[in-house]
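Accompanying notes for the structure given below.
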Amino acid sequence: MRQQKLGYLALPLLMAAAFTTQARADGETIAVFTKNQTNPYFQTVRVGADVAAKAMNAKTLHYIPTKPDSIPEQLSQIEDVVVKKPSSIVFIPVDYKAMVPGVEKINDAKIPVVNITDRSAGGKFVSFIGADDYSLGLETARHLLKTLGGKGNIVIIEGVKGSLTNVDRIRGFNDAIKENPGAKLLASQPGNYQRLQALQVMENLMQSNSQIDGVLAANDAMAVGAIEALDGANRKAQVIGINGTKEAIDAIKSGKLLASGDYNGFAQGCLGTMMAIRSLRDQPIINEIVLKPTVITKDNYKPFDVPLEQRNCPTFEEAGKLGGK
Amino acid sequence: MTDITKETIAPPRSFLSQDAIQLFYRLLAAFLICAVLAVLSDSFLSLGNILNVLRQASLTFFIASGLTLVVLTAGLDLSVGANVALSACLAGTVIHQTGSPVLGIFTALIVGGIVGLLNGIMVTALRIPSFIATYGMLWVLNGLTYWYMAGDTIHGFPAGFRQIGSGYLFGLPIPVYLLVVFLAIGTLFAQRTIWGQEIYAIGANPVAARLSGIPVARRLLLVYSVSGTMAGLASIIFLSRLNSAEADIGESLTLPAIAAVLIGGTSLFGGVGTVFGTFVGALILTLVLNGMNLLSVSANWQPLVTGIIVILAVWLDMKTRRRAQ
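Which chain is which? The protein sequence lines are U and W, in order. Heads up, the first sequence is in my numbering, so the first residue is 1 and it goes up one at a time. Heads up, the second sequence is in my numbering, so the first residue is 1001 and it goes up one at a time.
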């Protein structure tokens, strides 16, 4: 796939073709809004949405800001969509507060909309599908401490300070550490969800701490960065990440990464799209599902080690058991 | 035109020039930071930590060294980080597909260099201000990289290749050797060659430079190409150190590189500054982050402290410069 793309790069004219949107089909058209093209998480959401739509004989149209997480860009994409009138919308706000006026525009246009991943601070939604960052942090950190026998020296590598995901994940990490009196938190330092920064932070922390037993990283890229730093210094520690990216699964397989918390992006894309279509077809829906986190380890990684396109969406009956309210 | 000698174009830059005095202040600042950190943290002055700081500073320096030449001509290259990202992703693909790190390295240098050359063409032939031209290039590169990677990461490179960024030779990290080599080349080029002197002359007064027979356009093409090629080199160090490439690595690299150039005493108005100063600038930035990690400064305060250091450094620079005149 990527090799083929490499060929395209020499022919910028072909690019125009690559950017044109998919043709409309007979089934419903679901407009799927995600935050950016850089975070693999949103790719899993998009593939989940595509798989669900295909299974239900509907079509998806993807709206992604070219500048990651751009508020004005998502707003103008909403304006475009309101004109184009898709059957329904599956929506992740780039900012849960700032995008409320955008949601209201969709509401005014009477297009049904399902909210996934980040809960919008306002607006009317058919359904909400999300995960819980706090329990994701809590459960992954509990797994680490269980592996360490409830004790040891821990460091936390934080994501972007002040971002919603980070605040909740770090709170979960800290609560899990507090449950274990034998565990000691040595440092909690920022890696801004960036691999390089996490690597450098880890290198620096290893200078001032001769014994580090566990590393809690707020995402997989930082976890893998921390592992590179540990390897470079010939030191060992148990590392956990969050997101369940392909890279993390590979690292779990090879024993370098202890575990990763799955945010269930694929299931969120699936279920959001499923609810959007079901509500159009006047079938029963679930108004709110907060998915329970899955801690992916060496024992249960197999279902995650499958290309996204080949994974199966949960059925509506299963969805209710996944955390429906 | 050929009878115009080097002396009439610009005065030779002796080592006791104003630049040397500025450099002295910068080294003093770096030394003071070191002294404070050595008092506050036992681990700061360990050999391991010093090598650590040098290796971390080297990546910023590689990007910032080429950028210094651009800023010396009163230009700016905002595309360096995005260039690193594209170069890293393409080089990573080539290494994966061919198994040849050498081909990968060539790819990165050529892609980086071509991007730089295109920047140079926009600035010279199309007469677009460099700030705008390279800002536009930033978007073009981001767009290409995001599209090409589609939210994916490329990871896992041959052990031999990993040595470039992570390996040691006679107890010193290999990037530190590269740092010394490129610091020497950059300094000799800027201070001791006619081309280097012409670059200073263009920055000091482009009209006078043109009237003195300096081929301004060709020298500008050269500096932008060098800046791009150094971004390509940085992408190789990045790849081999992090063992992975993703589309959004550039965003966190551009501003620190610009900050290193400015903290290092190179004037945004052109004609004043040194490559060695940029090295000291990169060192100061790295020392501050390293120190905050060692001292476990809260993640909340770290960006604030970094920002104050940047403002303080540039303010002190302008103050001492005014006094010197």
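Backbone N, C-alpha and C define an ideal beta-carbon position, used for all residues, glycine too.
For the region 1046 to 1066 of chain W, the residues whose beta carbon sits under 7 Å from a beta carbon of chain U are, in order, Ser1046, Gly1048, Asn1049, Asn1052, Gln1056. Considered as a whole, the region 1043 to 1081 of chain W harbours no complete run of any beta strand (DSSP E) with no fewer than 3 residues. Within the region 209 to 230 of chain U, Ala221, Val224, Gly225, Glu228 place their CB atoms closer than 8 Å to a CB of chain W, listed in sequence order. Counting C-beta pairs with one atom in each stretch, the region 1202 to 1220 of chain W and the region 1099 to 1114 of chain W have fewer than three that are closer than 8 Å, which means they do not touch. Looking at the DSSP output, aspartate 262 of chain U sits in a beta bridge with U:Thr294. Among the residues of chain U, those whose CB is under 9 Å from the CB of tyrosine 1146 of chain W are Asn36, Gln37, Thr38, Ile64, Thr66, Pro68, following chain order. Residue-level contact check: arginine 142 of chain U does not touch chain W, since none of the beta carbons of chain W fall below 7 Å from its beta carbon. When the five nearest sequence neighbours on each side are left out, the beta carbons in the same chain lying within less than 8 Å of the beta carbon of asparagine 180 of chain U are those of Leu145, Gly150, Lys151, in order along the chain. Straight across, the Cα-Cα distance linking leucine 1047 of chain W with alanine 1245 of chain W is about 30 Å. Partner residues in the beta bridge of asparagine 115 of chain U, as assigned by DSSP, are U:Phe91, U:Phe128.
If you look at threonine 1254 of chain W, you'll find it in the alpha helix (DSSP H) that goes 1251 to 1263. About 10 Å separates the CB atoms of leucine 1255 of chain W and leucine 1262 of chain W; that is not less than 8 Å, and the two are not in contact. Between serine 1166 of chain W and chain U, the shortest Cβ-Cβ separation is below 7 Å. Shortest Cα-Cα distance from alanine 1133 of chain W to any of W:Glu1251, W:Ile1121, W:Leu1144, W:Thr1193 involves W:Ile1121. Contact annotation: leucine 1242 of chain W and arginine 195 of chain U have beta-carbon atoms nearer than 7 Å.
When Cβ-Cβ separations below 7 Å define contact, valine 201 of chain U makes contact with chain W.
Excluding its 5 nearest sequence neighbours in each direction, alanine 98 of chain U has C-beta neighbours in its own chain below 6 Å: Ile71, listed in chain order.
The straight-line gap separating the alpha-carbon atoms of isoleucine 78 of chain U and leucine 322 of chain U is approximately 30 Å.
For alanine 1038 of chain W, no Cβ of chain U is located within less than 7 Å of the residue's own Cβ.
Taking C-beta separations shorter than 7 Å and ignoring five residues to either side along the sequence, the partners of threonine 147 of chain U in its chain run Gln238, Leu258, following chain order. With the criterion set as a beta carbon lying under 8 Å from some beta carbon of chain U, the members of the region 1226 to 1240 of chain W are Phe1238, in sequence order.
Assigned with DSSP and collapsed to three states, threonine 60 of chain U falls in strand. Serine 1043 of chain W is not a Cβ neighbour of leucine 1295 of chain W, given a cutoff of 7 Å.
Interface with chain W (7 Å Cβ-Cβ cutoff): leucine 205 of chain U is included.
For glutamate 1246 of chain W, the uninterrupted beta strand (DSSP E) segment begins and ends at 1244 to 1246. C-alpha of phenylalanine 125 of chain U to C-alpha of threonine 1229 of chain W: approximately 50 Å in a straight line. Assigned with DSSP and collapsed to three states, glycine 1151 of chain W falls in coil, not helix or strand. Looking from the CA of leucine 1233 of chain W, the closest CA among W:Leu1316, W:Leu1090, W:Val1207 belongs to W:Leu1090. The alpha carbon of isoleucine 289 of chain U has as its nearest neighbour, out of U:Gly269, U:Lys84, U:Ile129, U:Pro307, the alpha carbon of U:Ile129. Put simply, the backbone Cα of tyrosine 301 of chain U is about 28 Å away from that of alanine 233 of chain U. Burial is judged here by how many other beta carbons sit within 10 angstroms of a residue's own beta carbon; glutamine 211 of chain U has fewer than 16 and is exposed. Within the same chain, Cβ atoms closer than 6 Å to the Cβ of asparagine 243 of chain U are found at Tyr41, Asn219, Asp220, Tyr263, the five residues on either side in sequence being excluded. Judged by DSSP secondary structure, threonine 29 of chain U falls within the beta strand (DSSP E) whose first and last residues are 29 to 33. Listed along chain W are Ser1166, each with a C-beta nearer than 7 Å to that of glycine 232 of chain U.
Residue contact check for glutamate 318 of chain U against chain W: no CB pair falls below 7 Å.
Here asparagine 57 of chain U is exposed, its C-beta having fewer than 16 other C-beta atoms within 10 Å.
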